[in-house]
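A short write-up of the structure that comes next.
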Amino acid sequence: MTERDGQWDWDALAAKTSDLSDPAVMDAAWSAEADRQATLRAEALEARDDPADRAAAQALAAERGVPAPWPAQPSGPAYTSAEADEMLDDMKADH
Numbered sequence: 001m002t003e004r005d006g007q008w009d010w011d012a013l014a015a016k017t018s019d020l021s022d023p024a025v026m027d028a029a030w031s032a033e034a035d036r037q038a039t040l041r042a043e044a045l046e047a048r049d050d051p052a053d054r055a056a057a058q059a060l061a062a063e064r065g066v067p068a069p070w071p072a073q074p075s076g077p078a079y080t081s082a083e084a085d086e087m088l089d090d091m092k093a094d095h
């Protein structure tokens with residue numbers, strides 16, 4: 001049940017399932033394939049390293065109950081330019 005050229009590959013689905021007449025087997029196959037497709041979409045979005053794509057990847061991860069690998073908002077201390085310059089000068093003086 002992989003997507004190939006925008007179409008579902010039913011042969012791949014049949015190969016992954018032992019008994020297509022069993023509803024439990026079909027449900028498990030559909031669920032596994034949906035998870036795999038969502039993972040591929042999230043990985044593709046993460047690879048772009050764009051804030052909008054990261055947000056979309058986080059939404060996909062949240063749908064699947066998977067924690068995002070990065071925070072939704074940047075965290076940590078926010079320094080002014082003057083404070084950063086002062087810290088840099090202090091570090092240079094220490095070495």
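With the UniProt record's numbering, letter number 92 in the sequence shown gets 92, and the count goes up by one each step, no holes. Where a beta carbon is used, it is the ideal one built from N, C-alpha and C, also for glycine.
Original post:
What distance in whole Å lies between the Cβ atoms of Asp-53 and residue 128, which are believed to be in contact at a cut-off of 8 Å?
Top reply: No answer is possible for residue 128: it lies beyond the span of the chain, which begins at 1 and ends at 95.
Original post:
Any idea if Leu-40 is buried or exposed, counting beta-carbon neighbours within 10 angstroms, 16 or more meaning buried?
Top reply: Looking at its Cβ environment, which holds fewer than 16 other Cβ atoms inside 10 Å, Leu-40 is exposed.
**OP:** Go to Ala-55, then tell me how far its alpha helix (DSSP H) extends in each direction, as first and last residue.
**Re:** DSSP places Ala-55 inside the alpha helix (DSSP H), whose first and last residues are 51 to 63.
Original post:
With C-beta atoms as the reference, is Ala-42 less than 8 Å away from Ala-55?
Top reply: Taking 8 Å as the Cβ cut-off, Ala-42 and Ala-55 do not qualify as a contacting pair.
Original post:
Thinking C-beta only, is Ala-32 closer than 8 Å to Leu-60?
Top reply: Contact flag unset, no.
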